[in-house]
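For reference, the structure is listed below as structure tokens.
Numbering (my numbering), first residue to last: 19 to 125.
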């Protein structure tokens, strides 16, 4: 599955609201854990991403999270800056709309 991969992307096995399914999901998804053995099958330039928060030892091993192929924390930092940019854009649009409405009502 990772033989020609550029990126291996992980996510948690149990999302909020699925806590009662944690054991069953862990058992079902265990063969799909992102671990060193899996990454050894991937090309040497293949990178690892995860949307965080990650559960070390469950969906991804600590060795992969902290390893040289991981760009997980760069990804998280970039996501933060993108979210701030989107928020700034939305606030700017909201302010522009309110100014336009205020001018209309004042006229």
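Just so you know, even glycine gets a beta-carbon here, dropped at the ideal spot from N, CA and C. Being a predicted model, the structure only gives us computed values, none of them experimental.
{"Query": "If we count the other Cβ atoms within 10 Å of its Cβ and call it buried at 16 or more, is residue 77 buried or exposed?", "Result": "buried"}
{"Query": "Counting only the same chain and skipping the five closest in sequence on each side, list residues whose C-beta sits under 7 Å from that of residue 31.", "Result": "43, 44, 47, 76 and 77"}
{"Query": "Could you tell me whether the Cβ atoms of residue 26 and residue 69 are closer together than 8 Å?", "Result": "no"}
{"Query": "Applying the criterion that 16 or more other CB atoms from any shown protein chain within 10 Å of the CB defines a buried residue, is residue 114 buried or exposed?", "Result": "exposed"}
{"Query": "Taking only the alpha-carbon atoms, compute the straight-line gap between residue 95 and residue 80 and give it to the nearest angstrom.", "Result": "19 Å"}
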